[in-house]
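Trainee: Quick one: structure below, then a few questions.
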Amino acid sequence: MMGWLRRRNRSKKTDTGPAAGSIFSFRTVPFSEFSPGETGRFAAFKILGSTANVVTVAVLDGIWTTPPAYAEVSSSAILREHRFAAAGGPAAFGVFREWWSTEELKDVVFLGTAPLSHAEASIAARIENF
Numbered sequence: 025m026m027g028w029l030r031r032r033n034r035s036k037k038t039d040t041g042p043a044a045g046s047i048f049s050f051r052t053v054p055f056s057e058f059s060p061g062e063t064g065r066f067a068a069f070k071i072l073g074s075t076a077n078v079v080t081v082a083v084l085d086g087i088w089t090t091p092p093a094y095a096e097v098s099s100s101a102i103l104r105e106h107r108f109a110a111a112g113g114p115a116a117f118g119v120f121r122e123w124w125s126t127e128e129l130k131d132v133v134f135l136g137t138a139p140l141s142h143a144e145a146s147i148a149a150r151i152e153n154f
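Below, the structure is given as structure tokens:
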């Protein structure tokens, strides 16, 4: 058979997204354009789940003046929201898979993975099934 008629076996690369339990640190950014450009602070987030449609993210409780190590972050609880109309619920949210990216965050570092607690898995399920 002629070479140009042969079908090539092209394997599709499947993006499975970030793994549940993955923990990342990042440099925080100013609250507004009028704030100083450098905050001198670092925060962390944990991936609670990743489906074909949504990535579930939780902001972890804690602020560090230097990039935190895994040991400092792995046992952190999910931050509770108390600003504006928030009533102390978990700072967790879902992002459409096609929108998921860490490119807009500064100095993102993968720290490692930690198992999800029952509460974290429950939050992920609630967001993923919304």
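Quick note: the sequence shown uses the numbering used here, first residue 25, plus one each step.
Where a beta carbon is used, it is the ideal one built from N, C-alpha and C, also for glycine.
These numbers were taken from a predicted model, which means no experiment stands behind them.
1. Kindly indicate the opening and closing residues of the beta strand (DSSP E) around ARG51.
2. How would you write the range of the alpha helix (DSSP H) that ILE147 sits in, first residue to last?
3. Between ILE71 and VAL79, which are expected to be in contact by the criterion C-beta below 8 Å, what is the C-beta distance as a whole number of angstroms?
4. Which of helix, strand or coil does DSSP assign to TRP124?
5. In whole angstroms, what separates the C-alpha of PRO114 from that of THR137?
6. Candidates LEU135, GLY112, ARG51: which alpha carbon is nearest SER98's?
7. Do THR52 and PHE66 have their CB atoms nearer than 8 Å?
8. Applying the criterion that 16 or more other CB atoms from any shown protein chain within 10 Å of the CB defines a buried residue, is TRP28 buried or exposed?
9. Which of the three DSSP states is assigned to ALA68 in this structure?
10. Within 10 Å of its beta-carbon, does PRO60 have 16 or more other beta-carbons around it, so buried, or fewer, so exposed?
11. What residue range is occupied by the uninterrupted alpha helix (DSSP H) comprising ALA95?
12. At the level of alpha carbons, what is the spacing between ALA148 and PRO42?
Mentor: On the basis of the supplied data:
1. Looking at the DSSP string, the run of the beta strand (DSSP E) that includes ARG51 is 46 to 51.
2. Residues 142 to 152.
3. Indeed they touch by this definition, with Cβ atoms about 7 Å apart.
4. In this structure, DSSP gives TRP124 a state outside helix and strand, which the three-state scheme calls coil.
5. Approximately 20 Å between the Cα atoms of the pair.
6. Comparing Cα-Cα distances from SER98 to each of LEU135, GLY112, ARG51, the minimum goes to LEU135.
7. Yes.
8. In this prediction, TRP28 scores a pLDDT of 31, lower than 50, which makes its location untrustworthy; the coordinate-derived value is nonetheless stated afterwards. Its Cβ having fewer than 16 others within 10 Å, TRP28 is exposed.
9. DSSP places ALA68 within a strand segment (E or B) once states are collapsed to three.
10. With fewer than 16 Cβ atoms within 10 Å of its Cβ, PRO60 is classed as exposed.
11. Looking at the DSSP string, the run of the alpha helix (DSSP H) that includes ALA95 is 94 to 97.
12. Taking the CA atoms as reference points, ALA148 sits about 14 Å from PRO42.
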